[in-house]
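Trainee: Quick one: this structure, given as structure tokens, is what I'll be asking you about.
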Amino acid sequence: MNCTAVSVDAIDALLPQTQCGQCGFRGCRPYAEAIAAGTALINQCPPGGDEVIAELAGLLGEPVLPLNTTHGVAASPAVAIINEPACIGCTLCIAACPVDAIVGARKMMHTVIAAECTGCALCIPPCPVDCITLMPTGASQDREHQRNIAPRLRERYEAHQIRHAAREQQRRTRAAIAAATQKKAVIEKALARARERLSRRKN
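Under my numbering, the first residue of the sequence shown is numbered 70, with each subsequent residue one higher.
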């Protein structure tokens, strides 16, 4: 790969920011980093399809490759649809959505913000009641539109990652406090038993 002089930002700027993971990485930015590092090829992005492959090839000075279909095939735009009466409000789909395109609360009905949904389908596997489906929008693939909305999707993904990291830190902190509290209680009980035995010996 001839990409040593090309920045990760420049590569990431060409990716569609669907954050779907079909490329084999956890998002578009990690995929861009792998391309820049020479550990991934430019043809692993089904949502971008042939157009993004051609753009990446031009940026990197590489030959155009056919889409590697082991990562999926290029498909028409689609959005997730929630069968709202069947939704149990588990929030698993909300956590799974990389661009926060699903809104709702625990034990309350969820719904998809269609304008923000990338059609990544990551919300479907976690749903315990199979109430989410992916529906074609009827629109054709539009690279110009994809390019225009990519910055907003990137911002939403980054905000999602920040919130997820904050929640994970809170979870770890609560777990550490609970473990410390339990340990303290065990020690206090042990000390109490020791004091009781010592008191009985003195008597």
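Using N, Cα and C, we set each Cβ at its ideal position, and we do this for glycine too.
By DSSP's criteria, Met204 is part of a beta bridge. Which residues make up the other side?
Mentor: The residue you call residue 204 lines up with position 135 of the sequence shown. Note: Met204 sits in a beta bridge opposite Val148.
Trainee: So what does Val181 bridge to, in DSSP terms?
Mentor: Position 112 of the sequence shown, counted from the start, is the residue given in the question as residue 181. Answer by DSSP bridge pairing, in chain order: Ile171.
Trainee: From Gly117 to Ala109, what does the alpha carbon distance come to, in whole angstroms?
Mentor: Here residue 117 refers to the residue found at position 48 when the sequence shown is read from its first residue. Here residue 109 refers to the residue found at position 40 when the sequence shown is read from its first residue. If you take the alpha carbons of Gly117 and Ala109, they lie about 15 angstroms apart.
Trainee: Can you grab the Cα-Cα spacing for the pair Gly96 / Thr206, in whole Å?
Mentor: Working through the sequence shown from its first residue, we reach residue 96 at position 27. Working through the sequence shown from its first residue, we reach residue 206 at position 137. The straight-line gap from Cα to Cα measures roughly 23 angstroms.
Trainee: Our contact map puts Val148 next to Met204 with C-beta atoms below 8 angstroms; I'd like the distance itself, whole angstroms only.
Mentor: Sequence index remark: in the sequence shown, residue 148 carries index 79 (1-based). Sequence index remark: in the sequence shown, residue 204 carries index 135 (1-based). Contact between Val148 and Met204 is confirmed by a C-beta separation of about 6 angstroms, below the 8 angstroms threshold.
Trainee: Look up Lys176 in the DSSP assignment and say whether it is helix, strand or coil.
Mentor: Locating residue 176 in the sequence shown gives position 107, counting from the first residue. In the three-state scheme derived from DSSP, where H, G and I count as helix and E and B as strand, Lys176 is classed as coil.
Trainee: Report the three-state DSSP secondary structure of Val77 (helix, strand or coil).
Mentor: The count along the sequence shown starts at 1 and reaches residue 77 at position 8. Helix, per DSSP.
Trainee: In this structure, how does DSSP classify Gly118 when only helix, strand and coil are distinguished?
Mentor: The residue labelled residue 118 in the question sits at position 49 within the sequence shown. DSSP places Gly118 in helix when its eight states are reduced to three.
Trainee: Along the chain, where does the alpha helix (DSSP H) that runs through Ser268 open and close?
Mentor: Translated into positions along the sequence shown, residue 268 becomes position 199. Looking at the DSSP string, the run of the alpha helix (DSSP H) that includes Ser268 is Arg212 to Lys271.
Trainee: Quick one: grab the DSSP three-state call for Thr139.
Mentor: Looking up residue 139 in the sequence shown gives position 70. Residue state, collapsed to three classes: helix.
Trainee: Quick one: is the Cβ of Val181 within less than 6 angstroms of any heavy atom of the ligand MN?
Mentor: Looking at this structure, you won't find the ligand MN or any other ligand, since it has none at all.
Trainee: Given this structure, state the Cα-to-Cα distance separating Lys252 from Ala126, to the nearest angstrom.
Mentor: As a working note, residue 252 is residue 183 in the sequence shown. As a working note, residue 126 is residue 57 in the sequence shown. Approximately 58 angstroms between the Cα atoms of the pair.
Trainee: For Ile151 versus Val198, is the C-beta distance shorter than 7 angstroms?
Mentor: Residue mapping note: residue 151 aligns to position 82 of the sequence shown, counting from 1. Residue mapping note: residue 198 aligns to position 129 of the sequence shown, counting from 1. Taking 7 angstroms as the Cβ cut-off, Ile151 and Val198 do not qualify as a contacting pair.
Trainee: Please name the residue, chosen from Ala101, Met177, Cys162 and Ala170, that lies closest to Pro154 on a Cα-to-Cα basis.
Mentor: Looking up residue 154 in the sequence shown gives position 85. Closest by alpha carbon: Met177.
Trainee: Could you compute how far the alpha carbon of Ser145 sits from the alpha carbon of Pro167?
Mentor: Start at 1 with the first residue of the sequence shown, and residue 145 comes out as number 76. Start at 1 with the first residue of the sequence shown, and residue 167 comes out as number 98. Ser145 and Pro167: Cα-Cα distance of roughly 20 angstroms.
Trainee: Can you give the Cα-Cα distance for Ile256 and Thr250, rounded to whole angstroms?
Mentor: Within the sequence shown, residue 256 is the residue found at index 187, counting from 1. Within the sequence shown, residue 250 is the residue found at index 181, counting from 1. Cα-Cα distance, rounded: 10 angstroms.
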